[in-house]
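Those letters in the sequence shown? Residues -19 to -1, 1 to 482, by mature numbering (1 follows the signal peptide of the UniProt record, and there is no 0). Note that CB positions come from ideal geometry on N, CA and C, so glycine has one too. Predicted model only: the values in this text are computed from it and were never measured.
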Amino acid sequence: MFCTMILICLLFLLMYVYLAWNRNYWKNRGVPGPDPKFIWGTFAGSFQQKINQTTEIDELYRQYKHTTPFVGVYSGREPQLLIIDPEMVKSILIKDFKNFEDNQMTTMIDKKTDALLGRNPFFLTGNEWREKRAEITPAFTVSRIRAMYPIVDNVCTRLSEFIRQGPVNADGFEGKELSAKYTTEVVSNCIYGIDSKSFAKERSVLLTMGSSVLDSSSAMMIYFAVVTFFPIVKRYWKKAFVPKKTEDFFIKLTKDSVRMRDAGNNQREDFMNFVLNLRNKKNLSDTDIAAHAITFFIDGFETSSVALCFTMYHLAKNKQIQDKLRNEILKNVGDDGRISFDKFSEMSYLEQVLNEGLRIVPPLGFTTRICKNTIQLTDYKDKKITVEKDTVLLIPYYSIHHDPDIYVNPEKFLPERFDESAGGIKKYRENCTFLSFGDGPRICLGMRFAHLQLKAALAEIVRNFEITLNSKTKEPLVFDPTNILLVNTGGVWLDFKPLKK
């Protein structure tokens, strides 16, 4: 019994030493940062799902931004570096990209356990990433997006009809859910050539499956915790991020769509048509085709629904901006009552509103990069610090977007800040301070398509309805601590008053 107790005490002591031995990692290197909490590190709130990690990062950004270009932080026991200086962000994402081309998720996913995500360019590394990205990039040219616009426009018409019918519970629409219905319908039509029935009263199967593409179960949370505290585990234990049921659903959906196209049915210029042409050139398998399809689905579904939701929220809060936008939209409606593809490039205020919506709440609050080789960084006092190979760097999108030294009155919804007379969005992109789609060679592939479907939805809604805030929306907004995307706890509830034509 005594020996057993000694052994247990030794095990606890070893565990304590393992978890605490590098808590001075950054301090020993002269890098400023908060003292890590035992077990949790810097981000105790997000580890315990009490606060969104973007919020924790933003607090650190504000605390240290005037004193240092980077902050030493810990994810569990793993030392990471939070990058604050925009010039340093630009170097990481663009200038010195070759040394930072991989993100943290690329270390957790492979093809054996994740047949779909393991083939997604976002999760690939090195030459394989370059090849897959090069394969799919031509799908997002202006000409191909133009060809898909009639599909998007048709979905917009059905979106208006759905809103006119009123909410099921007669107590407002939840903005994220409404937006997800729209984006699901768009991408399902553009990829699979099917009506996902997202505008039916019952939640559609495709919308439900789309929401479960990334597993957020308790088992997955345990996996994240284990690999955070014991990084070596990632080499030997790879857990599927896409639940098997969801993976099987999307593979079958893709096979059915391919079979229908091969039989000569539903031939049209959409994403699946592009992938099938690619199949004939590259000899793609059914799984490869399904992976390309899910790449488009992820790009067009979840993040776009977040962007649409929060842009509508801010329009509801700012009636003058909404009215000004409506006036511009109505001037560009054709004789047939619709808006042509080319008109969207002429609506400068719509562009400004969308960019401001993407700035104030970027769908992803931050991203990560992995240092491929040991390097040296210089702080504001010209002191050099060493960043070792495989160190994870955090790029705080949300915090940069809310930095008052970059954006005047950053908490205010001010589309005019992107007016061309003031330099437009170009000056922010050049300084790497507008990061809603990332930047550099890994910038979001579906950015152009996302812009189109968001502009089309905003134009459709604003010209037909007055958007107001429903009392069920809890303010101030608090980002959901259980979601990697920036969504509001309790939802964003909106009302839509039909306007006279």
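### First and last residue of the uninterrupted beta strand (DSSP E) at Glu447
Following the DSSP letters along the chain, one finds Glu447 inside the beta strand (DSSP E) bounded by residues 446 to 450.
### Query
Residue range of the beta strand (DSSP E) that Gly191 falls in?
Per DSSP, Gly191 belongs to no beta strand (DSSP E); it is in the alpha helix (DSSP H), 186 to 192.
### Task
Work out the CA separation of Glu456 and Tyr379 for me, nearest whole Å.
Tyr379 and Glu456 have their alpha carbons spaced roughly 19 Å apart.
### Query
Under the three-state reduction of DSSP, which class applies to Phe252: helix, strand or coil?
Taken through DSSP and simplified to helix, strand or coil, Phe252 comes out as helix.
#### Entry: Integer Cβ distance of Lys353 from Asn108, believed to fall under 8 Å
That pair is no contact at about 14 Å.
### Query
So Ser56 is in the beta strand (DSSP E); what residue range does that whole segment cover?
Per DSSP, Ser56 is one residue of the beta strand (DSSP E) stretching across 51 to 56.
### Query
Can you name, in chain order, every residue of its own chain whose Cβ lies under 6 Å from the Cβ of Asn469, other than the five neighbours on each side?
Excluding residues within five positions, the ones whose Cβ falls inside 6 Å are Leu458.
### Message
I'd like the span of the beta strand (DSSP E) that includes Gln30, first residue to last.
### Response
For Gln30, no beta strand (DSSP E) segment is defined, and its DSSP state is neither H nor E.
### Message
Measuring straight from C-alpha to C-alpha, what distance separates Val287 and Leu466?
### Response
Looking at the two C-alpha atoms, the distance is approximately 8 Å.
### Query
Tyr204: which of Gly191, Ala221, Val194 sits nearest, CA to CA?
Nearest to Tyr204 by alpha-carbon distance, out of Gly191, Ala221, Val194, is Ala221.
### Task
Would you give the residue range spanned by the alpha helix (DSSP H) that Glu283 belongs to?
Per DSSP, Glu283 belongs to the alpha helix (DSSP H) from 283 to 298.
### Message
Assuming Gly57 and Gly22 are in contact, meaning their beta carbons sit under 8 Å apart, how far apart are those beta carbons, in whole angstroms?
### Response
Contact between Gly57 and Gly22 is confirmed by a C-beta separation of about 5 Å, below the 8 Å threshold.
### Query
How should Arg240 be labelled, buried or exposed, when 16 other C-beta atoms within 10 angstroms of its C-beta is the threshold for buried?
Burial is judged here by how many other beta carbons sit within 10 angstroms of a residue's own beta carbon; Arg240 has fewer than 16 and is exposed.
### Task
Please state if the CB of Ile32 and the CB of Phe347 are separated by a distance shorter than 7 Å.
No; because the gap between Cβ atoms is not below 7 Å, this pair is not in contact.
### Query
Skipping 5 residues on each side, what residues in its chain have a beta carbon closer than 7 Å to that of Phe446?
Ile144, Phe477, Lys478, Pro479, Leu480, listed in sequence order.
### Task
Kindly indicate the opening and closing residues of the alpha helix (DSSP H) around Glu397.
Segment: none, Glu397 is in no alpha helix (DSSP H) and carries neither H nor E.
### Message
Please state the DSSP three-state secondary structure of Ile64.
### Response
Here Ile64 sits in strand by DSSP.
### Task
Label Asn308 either buried or exposed according to how many other C-beta atoms from any shown protein chain fall within 10 Å of its C-beta, with 16 as the threshold for buried.
The residue in question, Asn308, is exposed, as its Cβ has fewer than 16 Cβ neighbours within 10 Å.
### Task
If I'm right that Cys425 touches Ile75 with Cβ under 8 Å, what's the distance once you round it to whole angstroms?
So it is not a contact: roughly 15 Å between Cβ atoms.
### Query
Mind checking whether the beta-carbon of Phe278 lies closer than 6 Å to any heavy atom of the ligand NAP?
You won't find the ligand NAP in this model; it holds no ligand whatsoever.
### Task
Put Glu82 into one of helix, strand or coil per three-state DSSP.
DSSP places Glu82 in coil when its eight states are reduced to three.
### Message
Suppose the cutoff is 7 Å on Cβ atoms and the five residues either side in sequence are ignored; what does the same chain contact list for Leu435 look like?
### Response
Excluding residues within five positions, the ones whose Cβ falls inside 7 Å are Ser285, Ala288, Leu289, Leu335.
### Task
Give me whichever residues DSSP pairs with Lys365 in a beta bridge.
According to DSSP, Lys365 bridges with Thr359.
### Query
Bridge partners of Gly419, per DSSP?
Per DSSP, Ser417.
### Query
Does the beta-carbon distance from Met293 to Gly156 come in below 7 Å?
Yes; because the gap between Cβ atoms is below 7 Å, this pair is in contact.
### Lys18 in three-state terms, based on DSSP
In the structure shown, Lys18 adopts extended strand secondary structure according to DSSP, grouped into three states.
### Query
Are there 16 or more other CB atoms within 10 angstroms of the CB of His47, so buried, or fewer, so exposed?
So His47 ends up on the exposed side.
### Distance CB(Leu331)-CB(Arg444) smaller than 7 Å
For Leu331 and Arg444, no; Cβs fall outside 7 Å.
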